[in-house]
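Below is one structure, written out as structure tokens; comments come after it.
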Amino acid sequence: MQLFKEKGYKNVSVDEIVQACNSSKGSFYHHFKSKAEILNEHFALADKYYEQLYNDLPIQLSPKRRLQLFLENVFIYLEETFGREFLSVVYSTSLESEAHLYFRNPNRKLFMLFEALITEVIEASPSKPALSLKQLKLAFTQLAMGVIYHWCTFPEDQSLQESGASALQHYLNGFS
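Read in order, the letters of the sequence shown correspond to residues 1 to 176 in UniProt numbering.
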């Protein structure tokens with residue numbers, strides 16, 4: 001990961017990865033089919049973190065607040081663990097190739113956690129939302145990914161969490 005952060009994903013060869021890890025190409029290809037699988041594995045590990053984050057959300061908070069707190073912490077984790085430059089690489093390479101399928105998988109654990117939290121919000125709402133759960137989940141996923149894309153594309157002196165605060169609040173206000 002450090003090499004990807006330092007040199008950019010496209011500028012790192014398997015030979016450099018092997019050298020940095022004091023390993024062999026054979027060993028690398030025994031564990032990974034390509035360097036893209038390294039990224040996919042890191043997103044799978046991130047999903048384990050998100051699951052723990054979800055399980056640690058205080059149950060006494062309102063469902064809206066739980067959803068807000070969850071996404072805020074996802075943003076903090078992404079910024080601290082991956083950083084702006086690395087996320088930019090992930091987003092750009094996911095548009096150029098099919099290599100990062102895990103990142104975009106609609107059945108990814110992160111997206112299932114979004115659905116669980118949105119379900120809580122719907123169940124606690126006094127009136128039924130105009131959109132279906134599937135539509136609300138898609139809108140929330142687009143919001144989250146759009147905030148990340150914007151934060152990567154237009155660097156400002158804001159954290160990822162700060163960058164997404166307004167859009168997240170507008171989304172949550174739609175449940176009022």
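All residues carry an ideal CB built from backbone N, CA and C; glycine is no exception. In this text, all values refer to a predicted model and were calculated from it rather than measured experimentally.
Determine the extent of the alpha helix (DSSP H) in which P63 is found, giving its start and end residues. P63 to T81
For L117, the three-state DSSP class (helix, strand or coil): helix
For C152, count neighbouring C-beta atoms within 10 Å of its own C-beta (all shown protein chains included) and say buried if the count is 16 or more, exposed if not. buried
Quick one: residues in its chain with C-beta nearer than 7 Å to the C-beta of T119, no 5 flanking neighbours on either side, listed in chain order? L133
With a Cβ-Cβ cutoff of 8 Å, do L136 and Q68 count as a contact? no
Pick helix, strand or coil for A130, following the three-state DSSP scheme. coil
Determine, using beta carbons only, whether A116 and Y77 come nearer to each other than 8 Å. no
Tell me which residues share the same chain as R108 and place their Cβ nearer than 7 Å to its Cβ, disregarding the 5 neighbours each side in the sequence. D47 and Y102
As assigned by DSSP and simplified to three states, the class of E156: coil
Outcome for P63 when other beta-carbon atoms lying within 10 angstroms are tallied against a minimum of 16: buried
CB H31 to CB M1, shorter than 8 Å? no
For F175, which of helix, strand or coil comes out of DSSP? coil
Spatial neighbours of F140 within its chain, please: C-beta separation below 7 Å, excluding the five flanking residues on both sides. F114, I118 and Y171
In its own chain, which residues sit with a C-beta less than 8 Å from the C-beta of N73, not counting the 5 before and 5 after it? L53
Work out the CA separation of I148 and Q158 for me, nearest whole Å. 12 Å
A20 to E123 span [Cα, whole Å]: 50 Å
I believe T93 touches Y9 by the beta-carbon criterion, under 8 Å. Please report the beta-carbon distance rounded to the nearest angstrom. 6 Å
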